[in-house]
Each structure stands twice: as C-alpha cells, then as structure tokens.
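Asks: Chains A and B, in that order, are what the protein sequence lines are.
Residue 453 is where the first sequence starts when you use my numbering, and the numbers rise one by one after that.
Residue 41 is where the second sequence starts when you use my numbering, and the numbers rise one by one after that.
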Amino acid sequence: MGEFEVHRVRFFGLVPAGVRCLACQPRGGRLALARTDGAVEVYNFAANYFQEKVIPGHEARSVEALCWTAGDRLFGAGLGGDITEYDLARLCAAHSVDGGGGPIWSMAANGSGTLLAIGCEDGSVKLFQIVPGGIQFERNLDRRKGRILCLSWHPSGTHIAAGSIDVLRVFDVCSGQTVQRIMVNYTMQNAKRECIVWSIAFLSSGTVVTSDSFGRVQFWDWERGTLLESHTVSTSAVLSLAVSEKEDSIIVGTSTGATYQFQLLPVKMGSLEKRWVRTKPFQHHTHDVRAVAHSSTALISGGLDAQLVIRPLMEKMQKKGYDAVLRKFIFPHRRLVSCARKARLLLFQFSQHLELWRLGSTDGTGKDGEVLPLRRMPEHLVQLKSKGPEHIYCSCVSPCGSWLAYSTASRFHLYRVRYEGNSVSVKKVPKVPKLLLPAYQLQFSSDSGSLFVASARGSVHVLQLLEPGGCKHLHTFRPPSGSPEAVYLLAVSADGHWLAAVGGDWAIHIYNLKCFKHHCTVPTYSCAVTALAIHPVSNNLVIAYSDQQLFEFSIPEKQYTAWSRMVQNCGLHKVWLERDSPITHITFNPKNPSHILLHDVYMFCVLDKSLPLPDNSALLMNQSTLKQLPETARQRQLHAFKICKKFQPLLFADLLDENCLVMVERPIMDIKTQLPLPIQKKKFGT
Amino acid sequence: QLYSSSLDGSIKLWDFMDGIPIKTFTVGSKLLALYALASSEDSVFVVIPKSGERDTFQLVSVKLTKAAGQDLEAKELSVVLDGVDASPKHIAFGREGEYVASVKEVNLQVYFFKQKQLNRFSVSTMKTKSGNNHFTCIACHPTEDCIATGHADGKIRLWRNFHHKKEYTFSTLHWHHDTVMDLAFSVEGTSLLSGGVESVLVLWRNESDCQKDFLPRLGSAIEYISMSSDGALCCTLHTDNRITIINSNLRFSKSIQGLIKSRGVKTGLVVDPRTKALVLNGEPGHLQFYCLQSDQQLFSLDIVQRQYIHQAGLNQADLVKVAFSAQGKWLATVEEREEVTDPELQLKLWFYDEETQSFKLNTRITMPHEDHITDMCFRDMDELEDDSLILVTAGRDCVFKVWVMVEDTDPEAQQSVSWSCDFVGSYHNYQATKCCFSEDGSLLAVSFEETVTVWDSVTWDLKCTFCYPPGKIRNICFGRLTCSKYLIGATDYGFLCCWNLLSCALEWSAHLNVLVLQPDPLSEHIAAVSWLSKESSLFVFKPNEPRPIYIQRNLCKEKIQLAVFVPRDEPETIGSEKYLWLRRSQLFFLTDTQELMTLSTKSLEERLTPSSKQLAVEESLPVTPFSLLLGKHRRQQSQEDVDLGKLLVRNKHEQDSPAVKELLHTPAHVLPSASFLCPIFINSLLISKENKSAEEVADEVEMESEKTEDDSDEERDVTETEQEDTSPMESLGEMTCKLPKSQEKELRKIRKMDYSWISAF
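(1) Any C-beta of chain A sitting closer than 9 Å to the C-beta of residue 652 of chain B?
(2) By Cβ distance, which residues of its chain are closer than 6 Å to residue 1126 of chain A, with the 5 residues on each side in sequence left out?
(3) Looking at C-alpha atoms only, which residue of B:606, B:47, B:572 is the closest neighbour of residue 14 of chain B?
(4) Whose CA, out of A:485, A:795, A:532, A:526, lies closest to the CA of residue 546 of chain A?
(5) List the endpoints of the continuous alpha helix (DSSP H) containing residue 361 of chain B.
(6) Could you work out which residues of chain A lie near residue 184 of chain B, taking near to mean beta carbons separated by less than 7 Å?
(7) Which of helix, strand or coil does DSSP assign to residue 621 of chain B?
(8) Shortest alpha-carbon distance to residue 938 of chain A belongs to which of A:463, A:478, A:542?
(9) Let's test the definition: count the other Cβ atoms within 10 Å of the Cβ of residue 109 of chain B and tell me whether it reaches 16, buried, or not, exposed.
(10) Out of B:370, B:333, B:180, B:339, which one is the CA nearest neighbour of residue 321 of chain B?
(11) When you compare the CB positions of residue 563 of chain A and residue 514 of chain A, do they come within less than 9 Å of one another, or not?
(12) For residue 56 of chain B, is the classification buried or exposed, using 16 other Cβ atoms within 10 angstroms of its Cβ as the cut-off for buried?
(13) Using beta carbons (cut-off 9 Å, strictly below), is residue 156 of chain B in contact with chain A?
(14) Which class does residue 289 of chain B belong to by DSSP, given the choice of helix, strand or coil?
(15) Does residue 218 of chain B have its Cβ less than 9 Å from a Cβ in chain A?
(16) Which residue marks the beginning of the beta strand (DSSP E) containing residue 487 of chain B, and which one marks its end?
(17) Within a Cβ cutoff of 8 Å, which residues of the same chain sit near residue 544 of chain A, ignoring the five residues on either side of it in sequence?
(18) Helix, strand or coil for residue 338 of chain B? Go by DSSP, reduced to three states.
(19) Out of B:219, B:254, B:187, which one is the CA nearest neighbour of residue 132 of chain B?
(20) Quick one: what's got a C-beta closer than 6 Å to residue 928 of chain A's C-beta in the same chain, skipping five residues either side?
(21) Kindly indicate if chain B contains any beta-carbon less than 9 Å away from that of residue 767 of chain A.
(22) Taking the beta strand (DSSP E) that residue 1015 of chain A belongs to, which residues open and close that run?
(23) How many Å lie between residue 723 of chain B and residue 429 of chain B at the Cα?
(24) Quick one: Cα of residue 299 of chain B to Cα of residue 312 of chain B, how far?
(25) Any residues in the stretch 224–243 of chain B with a beta carbon nearer than 8 Å to a beta carbon of chain A? Which ones, in chain order?
(26) Along chain A, which residues have their Cβ under 7 Å away from the Cβ of residue 201 of chain B?
(27) In or out: residue 464 of chain B buried (at least 16 other Cβ within 10 Å) or exposed?
(28) For residue 134 of chain B and residue 80 of chain B, I'd like the C-alpha separation in whole angstroms.
(29) Just to confirm before moving on: does the CB-CB distance between residue 953 of chain A and residue 986 of chain A stay below 9 Å?
(30) Does the stretch 833–840 of chain A come close enough to the stretch 801–809 of chain A that 3 or more CB-CB pairs lie under 8 Å?
(31) Counting only beta-carbon separations shorter than 9 Å, does residue 763 of chain A have a partner in chain B?
(32) If you follow the alpha helix (DSSP H) that residue 1085 of chain A is in, where does it begin and where does it stop?
(33) Could you give the distance in angstroms between the alpha-carbon of residue 544 of chain B and the alpha-carbon of residue 447 of chain B?
(34) Kindly list, in the order they appear in chain B, the residues whose Cβ is closer than 7 Å to that of residue 684 of chain A.
(35) Show which residues of chain B have a CB atom less than 8 Å away from the CB atom of residue 1136 of chain A.
(36) Do the CB positions of residue 512 of chain B and residue 547 of chain B come within less than 9 Å of each other?
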C-alpha cells in the first residue's frame, strides 16, 4: 500500500439533520426522504439504495409529509402551510400552493393518484385535485376541533381515516361527512391522559391500524367502531407506521429507537383465520423513529439520529448478496468537503455556512501507526455564512486556495481569498455572470484558472477566473442529444484538456476544453455513477458505480481500457461487491500511476492495477495478515485491493502530495453528543 | 389412563386410583421420555437411544397392542424423528397432535404427521456475551400453530408460520437473564409461563413483551412447569426438591416440600437438642430444621441475612458449619464466601430466646480464623452452668481457638454476655482439621494433619499426642459412657484406630476406609461408614472391643456423606439382638445425592402392613420418579419369586411363617427393596438353627478383616480356611498383633465353622 503521512481531520462538525418522513414510490423503485431541516432526498432501490437526488432545505419550508402521486410526482407539505411540488429533474421546489388551513401535519394521496388529502392544524381535512402542472383545491371535509396528525386513504378511495388527539375519525369522501368517530383515549387510575394518534393506516379489509403515544398498535373495525386487536409494543410512543403493499406486514417505529414488524399470519395451518402477530424487533436507532416505510423487500426506518436504516426481509430475498445486507446511511452520498491541495486547505460545507481550515503541519517523522507531534495546529481561517433562508447546494475551493465558490437555489457566489501573513481576507467577486441556477456541482481546474459549474438540463458552464478578482463566462457545454436532468458530478483532467460530467440520467459526457466541444459519451451502464475522476497521466476516466463496479475509460481512445475489460471478465471480489456504501471519491497518486485511491464511508482503498485481482477464495481485507508474513510469502499473497479500515466513518480522503494524505472523519459519538438525550431505558445489570 | 416408562424398557399402564399396574409393555431399549397424545390412544411416543451410536437419540412411536394379558411385547416401532435430545423438555407435540417439534442445540425441527413433511430451522450459533442461544426447552400452543422455545441466553422465541421452509417468522421475548428452564402454555394458549434460575415465574400475556406478570421469590430455581388440564392450577418443580402449586391468577397456593435440597450440605447433619429436629443447610444462607417424624420443615433460620442473588457463577456467602450446645441454648454458625485468595468468614453465636421461641444473634465475629474453619464444637456438659460453656474452632490457619463467654462491661449493651477468644493453640504449625471434647468435657482432642493432640480443657496444656502414620486424621471422636477412656480416629489412609487415653497407647486398629465416624450420644456405640469398591457399608462397634457388633454391607451404591444419631423420644423395644444398638437412637444417613436414609429396626413383618406409608417416609427424597422406583421393585421381586419358589419346595414346613406369607401376598409394588427383604426372609427360614446369631457375628467379623477381598472369597473360605487365615493378617501389618490373643483365637475358631448353609443360597 505504501506509507503515507496522514492528516486525521476530526474538526468537521457536521451534524446531519434527522429524518422526518419517508415515502415509498408506489410500485416504483424510489424512496423519498425528508429531513428536519427541510431537505428532500431520493434514494433509488435499483441502484443499491444510492442517494440519487438531493434537494437542499429551506429555512421557511419544513416538510411534515411527503407523497408520491401519478407515478413520479413528489409533493411535500409542512408546517409552513404550503403544499410544494418538487421538480426532481432540476432538484428544486417547482411551485407551491397554500393549503389554507394553517400548518399541515399530514398528507396522503389516494390510490389512483388523482387526489391529495391534507390534515391541518385547524382540524380540517382538505382535498386537492392533482392536475398537470400543479394542484387545485377541491373541497373541505367535515371539520372538527383538533389537529389532524395523520391521514390514510382506503385503497378504494371511498373513505379517509384521520388520526387526531384522543380520537380517530373516518370520513366518507363523496359526502364529506364523518361516518365514524372512535375514541382511543386511555384511562389510567381515573386520570385521563391525552392520547395522540401518531400514525394511521387504512387497510382494504376495512381495518384501521393506529399507533399512539401509549405505545400501542391497535387494529379497529371502522364500520362497527370496535377494537379488534391491541398490541402494546413499547412503554413510550409509537410514532410511525407503514403497511406493505400486500397488506400482510406492518412496520412500526417507536420513540425508543426500536422498530417492530407485525405480520398477518394464519392462526392454523391451512385455515383462513389470520391474525396480526408482532414478530421481529429491531433496535437500530438511538432516538425517535419518526418515519418508517415498507418496500416490497425491505423494512426502512429513519430516525432523529439522522440514520436511514434499510433492513432487507430475508424471506423475500432470492439469494444472499448485496441486496440482503443491512444498510445504515447517516452521511450523504456526495462530497461535502473540498480540498485545496497546494495550499493545504479544507473547505467544509454545512447546510447554511462554509468553513475554511488550514491543515496542521509537523516536522516529525515516525514509524507506522505513530502519532506525530504537531508543529502548527490546524487553523480555522474563515467562516462564510450564506445569506437568506436557502441552504447551500454545493461549494468548492480552488487548488491554490485563493478562490472559493458556492451556490444556493437562487444565487451563486464566488470569493477571492487572500492570505497576508496570518490574516485572511475574503472578497466577493462582483458581477458574476447570470447563469442557469442552481449549480449542482462546482469544480476548479487544476491550475485554478477556470471554474466549472454543473447546471440543470445537462449543461456545464465554464467560467474563466481573472486576477485580481473577476470572472468571465467562457462557454456552456450541453449534451448533444439534450437532457432534462441536472449534472451532479464533474471531473477535470490535470492537464486541463478534458471535462467529464454526469447527469441524473447517468450518462457520462466528455468535453474537450481546448476546443470547447463534445468529445464523446461513455457507454451507458444501468447504474448510478457515484464517483469519477480523470487520471493525471494517462487521461483515463475511472468510474465507480453504485453496484460497486469499477470501470476505466480511456478518453483519447474513446473506449474502455484493457484493464477495465479484464476486471469485467474476472469479476470483482464478492466481499467488495457486498459492501453497502458507495464509493464517494476517487483520486490518484501521480508518483505511482498504477495506483487508484478510492474510499467510501467505512474504508479507504488503494487499488494497484499492476497486481492481480483477488479471486473469491482470497481474503479481500488482508493487510493485517500480510504484515505478519515474511517477504517472500507476502509477494504471493499480494493482490490489487489494499484496504484500510482504520478511519471510520470517512467523509473525505484525498492525496495532498506524493506521500501525504488527508482523511476527514466524523465519529458517530460526536454526532450523538449533539443530539438530545435519548429516552432513558433501564438496562439489565446496571 | 396413566402410562409410565422406565429405563429398563417397559411401559406400564396404571390404574392410578388404586395404584395397580394393569398392563406392561416391553419395548426393549432404554426409554428416556414418554409422550402420549389424546388423539392416538393406541400408540405412544418414546425417546430411545439410537442403536449403534452413542449419545444420539430418536423419537419413535410405539404401537400398544390391545391384546389381553398383563405382560405384552410392543415391538412395533416406527421412527418419527432422528437426532433428538434425550431430555423430555426438548420435544413437544403441537395442536391436536398435528406436528411434533424437537430442539437440539441450535436446531429446531418440526415434523407434520399428515403431510409427512420435516422442516428444520436453526438460530445463529454466534455466542453473545450473555451466553449462547442453544435451545433449552420447547412448548407448543394448544390451539394455534405457534411454538415457544426457551434458550440458554434467557430468550424465548415464538415461532410461527413454520410450515413454510422460508417464510417462517419468530418473535422474541426476553426477560430471563439466564437459561430458560421450562415453558408452558395456558390451556387456552393466551398466556405463556416461563421459569428459570431466577426463581421467578413469568407469565407472558398475549405473547407480548410488554404484558407480563411475575411471581417472584419462589425460593429456588424452577426446573419444570406444568399446567393442570382445566387450567385452574399450575405447578412448578424446583431444584431444591419442592413442588409449588400456583393459582391461575398467579397467586401462590401451596407448596409440597420435605427436606430442602441445598447446593451442598456443608454443615453436616446436626440434631437440635431442643426439638430433636435434623438441622442442615436449607435454602441458601438458611439453616433448615427438619422434623424427621412428620417429614416437614419446622422452620428455616436465616443465618447469612443477605439477599441471595439467583445467578449462576456468583460466589455468595453460605453456611458451612453449625454447632449446638448441649441444651440447645446456644447455636454457633460459620458462614464463608468462597474466594480463592482470601475467604470471607463470619462466626455467629445465637442465643435461644425463650420468649420469641427463636434464636437471636448474640455475637458476630468477623474473620475468626485467617483461613477456612474446618471444625467446631461446644463443650458438652449438661449439668454445668453457662460459664463453663466453651466453643472450640479449628482452622486451616494452623490454630484452634477457644471462645468463652464474657460479661459485657459496657452498661449500655443490651445483652449481658458476649463471646470472645480465650486461647489459641497450635501444634507444629500443622493445619487443624477436627476437634472434639470428651464426654465429661475435661479433654479436648484436636487433630493436626497426622497427629491427634489431647489438651486439658482447664489449663489448656497439651497432654499427649497420638498418630498413626502415614495417614492424615479424617475423623476423631471420644468414646462414651463405659468407653470414655478411648479415643477413636479414622485416617485417610484407610485405618480406624482406637487409642486408650489412660495408657496413651493404641488399643486396636483396623483397615477400613472410613468416611463417616459418628458416635451415638446416648450409648457407647460408634457408627462408621466405609466406602469401598463403589458401595457404602456400615459398621457399628464399641470402642472397647475391636469387633463390630453390626455390619451392613452394601448399604447403598452412593457415597454416604454424613450420618447422625437422632435420639429416640423413648427407647424402643427391639426384638432382634442385631439391632440392639438402635434402641435409644436412630441412625440417619445422607448420601452425596442428598438422599436421606435411615436404618429400620423393625422386622419386615411389622413393616409390611403399613409399608406403603413407610416407603414414602423412608425415601423421604423422591428424587427418582415413583414409577422408576416401583418398576425396579417389581422386577426384583419377580426374580425373587422364582428363587423363593425353589426354596419353598424344600421347606414346605416353613410356608406358614408369617414373613413368607406376607411377602408372597403383599402386592409387589408396595414391597420395599429386595435388599431389605432378602436377609429377613432368610432369617425367617433359618430360625430353627440355634447358633444363628453367633454365626452371623462371625460372618461379619470375617468380612471386616477381609476388607480388601471380594465377596466370592468368603465362600471359598470354607475349604481353604487355614490358607486364608494368614493373608489378611499380613495386609493389616504389625498393628494387628496388638489384638488380644484370645480374640485372635476366637477368630480362628469362627473361621473353621460350617458355612455350608450359605452355599444353599
């Protein structure tokens, strides 16, 4: 693997926002997730649950409910009182309509995707008709006091069940009248305590399932208004509930961080009598599980601890493979850190501000594994706060460290940074050209002479940076066949000759920067690109896909390289393919052209193209065993993948120079300390 | 209908109202567990070892033929499940006998009878820090397709949908911190009972983790749980030999309890002089007072007075020694906590409070010795006042300590006296092992490894020492009444020695591996229990003569740990000369499996009439199932019947002997064990011979001197008397020369006597 001097950076104080709600696309392969800061993310099941799209949040726009309608339209509603439709191609809020009933707590679409029902603070349930290009208010249903916390349509679309405080109600959609009112309160030693129905589901059999603040999951017959079954799963509230499409399985999430599965099982073999049975408990979260979703093959839960947990159902799996692994996502699948290699600076992107840090330095040397004493401590140079309520989409620092750029939904900012001794001055570049906003990715050229801005509709703008602080729009690249999707990843060659751009349709376009024209398109592969980079020497484009495949594409020759073909023929190691998190960054070692450095959240890997690929019988993670072997035996055991798991969770890794690495870690414990205390639970033996 | 199975391979059908076996089916191999289903009356399921393989077992169904007759052969076996566990808790039959589920290690297999389908499931073998998740027990829901399994890590899993190989599912209930010992569903199946080492019965309602009720403080670990068929009662069987009956509303109803089985009887058997109750370890940290006459626990005295934590692997304080003063006024107890490096010791002295009728703690001495206390005794002087009361403790820290009562000088103290150390004695830095006072209290004998030291109890001077190398002293005791000049000691080298205190010389010795040496407090007799070739034998002797007055060979197969003489309320009139030594006291034994046994003096004839009752009393610990016991008796009886038949032909005139009559007419299942019957039966046949008693004594003496030889040798003796005579003498070594000449002569004479009557049997 070689020896590196490693900057182990732990001062990136990122606290991911908690998960507020989840929505599975009906009969589709996508999951929409909203965070407490208003950000909306879309995960693609087919692409190994890759975080495909991110719509950054907005201070004024909280999201309490998400809803897929008509296949792929995504609506969100929140305490701001607006219903917003999201543009998933341009990754921004398309348009919003005021609900007219105060803060909106819940939203649900009917089975055919033509109507949206919202539950408001004032106790009203309003119906909106979904029309092309927007929604139209249709009518109000019977209004009673008490906020409507949850809503569920009967699959046939004739009735709506709504959960409120102490009560659940069933509305007839045609007449708009309340046809059933069921009290769910809980009397304990004659003291009446408020019972909040946190979540509700209406099954096609006519059963209404509720989860409430007393930790109960209850099954009601809505026509008779009687309780069918009651399961107490927790001493604290059951906050969320989701039903599988076949209606034979339910997942609930509690405020202790536990999730439980309920299954509809036959009481006796062969008999028709079926009963809901609580089966599997899972404890993956530490805090409230605010949202759960039930896909056809997995139980999905999201909590205030910012974790998205995808637990595949083993019995639905055909074989053990990368589909069947438990996935826990805390960090975004894209880069929030950028590095100025020459100036040894790191730029950290937070939701509403940026931090620029100078790395510490040392003059000591030591053996493998030793911690070197710092001569100069890392230094926090600048904090840039973005103005306005919008959250930052992307940011970048130039390799020389003197330029800094970021973009929000409506504005693009470019700064010139000057270092005079110990003082740092930041000056905004005036009169940036009007571009197609927002920018989804920013990338400086390696000589810091130009800036590439990834934009909507597959376009990439090229800005020329001018001393002493100005810029000029040079060119805009567009894919020859056009594309509706935004570009989300960029890669520039070190010689400034080539630019690679990936859009939401996963097509990789390569542009020639010298003559500003489209060079070629990499053959499309059926999976999302998670990272790409151009080799500084050979100008080969290395691409990592979300199914953990690696490709190498020679730009000058417009074809896959021989090594890439060899990898495809031999296949990658099983353990490599079964990893659950995508490669988020690729870089190279200019001194060692055969080395490719890549990392995901849990590992850092040096891929040596000159060594043979491991076969499935070999040990993939063999660094520690190699160390114990004598030199001759080590030679025989060597293979291309040299994996280091010392740094976890790894947000960013880059090579500063030939033998100096920077690793940005964010220990989970540091995030936990930023969260409110979890519900105290008695642990046996303490 | 009640069926029972036994290890000898027979299944019996009983009339349980009258206690009479109706039919016996012989299967042939060992039967380890028996299951009967309501749906199939003509067949039962048994677990048998798989032929040819060790430690593998299979579940087979046995067809019980309807043919008439008492003894039937049941040869129609069909294997249902292979590779099952031998424990009956590991197999359960499901709803209406549709399926059978069996667990072994981490595997669960379910066999559906109708579909002839076998499904196997397993849990991960990964060891967690709370233990492994091996299956420990199984129960099936009475009306639904649901299986509950208990695991070694304390979890209960409820399996459903197990007729699908893949889409099965289970939920987990977890409360127990240690192995779930047994599970039982209620009759309707709405609730599940579980129990384990925590001695808490847990009631799970609706298979929910949140709705559970507990019945705590059941005393000791729960082994089995059983529900009555009407669902009104449930009963739990505990490791300490107790059955608790519990109402359906989880209210304690009744407990059936005799002698408590404790984890180890470290205190020995002691008789409370006041109540004549047997005192020994009971519940952990408690002393139980067990009434022998009524087979009941009188009361339980909490000595350690600390919360006992029901968890495996914890070292908790336990009672190790106990001693009563002669009148039962004082009780001394020693408790210790097993620590390898430094044991935690406490000596407590309790005063009997007449008002409250219980013992009251008077003095607590922490760390009375630096190391474990090996023995403790009071100076037994009935007539003397309190101030002469002395307690002696011997410790492994090479000293013995003498504790006396002192007046409390502190006027604020609630009690007038307390105990303090008066004298510390040691001998060449050897570990003190045993101590005892002579009958009059003037002498104290303390054994230090190989040496017995005798001390004056007034001046605490060392009077004399005895030793019998090369053996460490295992037991010592003084003779009583007329034999008070003798000191008896047993060494672990297999010698029993008697020293004369007046001459300070060895009086006699015998080669005998004595485990227990117990003097009768009311007579001169001393009982010694030996352990040789896997059987315990009892010898009763007087110190003044080296000849035992009573020998009971093969008393039992288990090692006898402890013995005690319990004084009778009034001396019994004993007809047989053989049992004269039992006139004033009764001898009780405790084996290492904690079975309490006694010797009965009554002849068989007397005991036969109420024998069914006596049987229960004598075997006061029904550790082996009743069916097994009966099965064993019956088998032996039938063999005996054959033997008897032959004899009867020859001794027609003896047939009207009451013993024989009773023997032949009493139902077989109420007869005591054959080992009881045999000698008595023989006696009854041999009454005509006049020198019977002498002969018997002779026989016994010879047995003793030939300790090292087989029983078969005795019969050869008849022809080789002279030859045999010398060999045992050699084995005894020079010490045998100390036997008086006259005795030796007598011995020889006896040997030459006619033994031909033995060979008749």
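Note that CB positions come from ideal geometry on N, CA and C, so glycine has one too.
Replies: Here's the rundown:
(1) Looking up residue 652 of chain B in the second sequence gives position 612. Below a pLDDT of 50, predicted positions are generally treated as unreliable, and residue 652 of chain B, at 39, falls in that range; the measurement from the model is reported next regardless. By this cut-off, residue 652 of chain B is not an interface position.
(2) The residue given as residue 1126 of chain A occupies position 674 in the first sequence. Apart from the 5 residues on each side of it in sequence, residue 1126 of chain A sits with its Cβ closer than 6 Å to the Cβ of 467 in its chain, given in chain order.
(3) Residue 14 of chain B is absent from the structure shown; chain B starts at 41 and stops at 801.
(4) Counting from one through the first sequence, the residue named residue 546 of chain A turns up at place 94. Answer by Cα proximity: A:526.
(5) What you label residue 361 of chain B is simply residue 321 of the second sequence in a count that begins at 1. Counting along the chain, residue 361 of chain B falls outside any alpha helix (DSSP H), though it belongs to the beta strand (DSSP E) covering 358–364.
(6) Here residue 184 of chain B refers to the residue found at position 144 of the second sequence. The contacting residues are 719, 720.
(7) Counting from one through the second sequence, the residue named residue 621 of chain B turns up at place 581. Helix at residue 621 of chain B.
(8) Position 486 of the first sequence, counted from the first residue, corresponds to residue 938 of chain A. Of A:463, A:478, A:542, the residue nearest in Cα terms is A:542.
(9) Position 69 of the second sequence, counting from 1, holds the residue named residue 109 of chain B. Residue 109 of chain B comes out exposed.
(10) Counting from one through the second sequence, the residue named residue 321 of chain B turns up at place 281. Checking every option, the nearest Cα to that of residue 321 of chain B belongs to B:339.
(11) If you number the first sequence from 1, residue 563 of chain A lands on position 111. If you number the first sequence from 1, residue 514 of chain A lands on position 62. Against a cut-off of 9 Å, the Cβ pair of residue 514 of chain A and residue 563 of chain A comes out as no contact.
(12) Taking the second sequence and counting its residues from 1, one reaches residue 56 of chain B at position 16. Exposed, since its Cβ has fewer than 16 Cβ neighbours within 10 Å.
(13) By one-based count along the second sequence, residue 156 of chain B stands at place 116. No, residue 156 of chain B lies away from the interface with chain A (no Cβ there is under 9 Å from its Cβ).
(14) In the second sequence, counting from the first residue as 1, residue 289 of chain B sits at position 249. Here residue 289 of chain B carries a coil assignment [DSSP, helix/strand/coil].
(15) Here residue 218 of chain B is taken as the residue at index 178 of the second sequence, counted from 1. Not one beta carbon of chain A lies nearer than 9 Å to the beta carbon of residue 218 of chain B.
(16) Against the second sequence, residue 487 of chain B aligns to sequence position 447. The continuous beta strand (DSSP E) containing residue 487 of chain B extends over residues 483–488.
(17) On the first sequence, position 92 is the one that residue 544 of chain A refers to. Same-chain partners within the cutoff: 507, 538, 861, 890.
(18) Locating residue 338 of chain B in the second sequence gives position 298, counting from the first residue. Strand, per DSSP.
(19) Working through the second sequence from its first residue, we reach residue 132 of chain B at position 92. Taking only the C-alpha atoms, the option nearest residue 132 of chain B is B:187.
(20) Numbered from 1 along the first sequence, position 476 holds the residue referred to as residue 928 of chain A. Residues 911, 913 of the same chain have their beta carbon placed closer than 6 Å to that of residue 928 of chain A, with the five preceding and five following residues left out of the count.
(21) Along the first sequence, read from residue 1 onward, the residue named residue 767 of chain A stands at position 315. Look at residue 767 of chain A: its C-beta is under 9 Å from a C-beta on chain B.
(22) Within the first sequence, the letter at position 563 stands for residue 1015 of chain A. From DSSP, residue 1015 of chain A is part of no beta strand (DSSP E) but of the alpha helix (DSSP H) over 1014–1022.
(23) Here the question's residue 723 of chain B lines up with position 683 in the second sequence. Here the question's residue 429 of chain B lines up with position 389 in the second sequence. The alpha-carbon atoms of residue 723 of chain B and residue 429 of chain B are separated by roughly 48 Å.
(24) By 1-based counting over the second sequence, the position of residue 299 of chain B is 259. By 1-based counting over the second sequence, the position of residue 312 of chain B is 272. Computed Cα separation, rounded: 16 Å.
(25) Listed in sequence order: no entries.
(26) Against the second sequence, residue 201 of chain B aligns to sequence position 161. Ordered by position in chain A, the residues that pass the 7 Å Cβ test against residue 201 of chain B are 717.
(27) Working through the second sequence from its first residue, we reach residue 464 of chain B at position 424. Counting every other CB atom within 10 Å of its CB across the protein chains shown gives residue 464 of chain B a total below 16, marking it as exposed.
(28) Here residue 134 of chain B is taken as the residue at index 94 of the second sequence, counted from 1. Here residue 80 of chain B is taken as the residue at index 40 of the second sequence, counted from 1. Between residue 134 of chain B and residue 80 of chain B, the C-alpha separation is close to 13 Å.
(29) If you number the first sequence from 1, residue 953 of chain A lands on position 501. If you number the first sequence from 1, residue 986 of chain A lands on position 534. Note that the C-beta distance between residue 953 of chain A and residue 986 of chain A is not below 9 Å.
(30) In short, these stretches touch, since the Cβ pair count reaches three.
(31) Here the question's residue 763 of chain A lines up with position 311 in the first sequence. For residue 763 of chain A, the closest Cβ of chain B is not nearer than 9 Å.
(32) Numbered from its first residue, the first sequence carries residue 1085 of chain A at position 633. Counting along the chain, the alpha helix (DSSP H) containing residue 1085 of chain A begins and ends at 1083–1089.
(33) Looking up residue 544 of chain B in the second sequence gives position 504. Looking up residue 447 of chain B in the second sequence gives position 407. Near 38 Å, if we compare the C-alpha coordinates of residue 447 of chain B and residue 544 of chain B.
(34) As a first step, residue 684 of chain A is located in the first sequence; it is residue number 232 there, counting from the start. Under a criterion of Cβ atoms nearer than 7 Å, the residues of chain B adjacent to residue 684 of chain A are, in order, 248, 250, 251.
(35) Within the first sequence, residue 1136 of chain A is the residue found at index 684, counting from 1. In chain order: 217.
(36) For this step, residue 512 of chain B is matched to residue 472 along the second sequence. For this step, residue 547 of chain B is matched to residue 507 along the second sequence. Result no, Cβ atoms of residue 512 of chain B and residue 547 of chain B do not sit closer than 9 Å.
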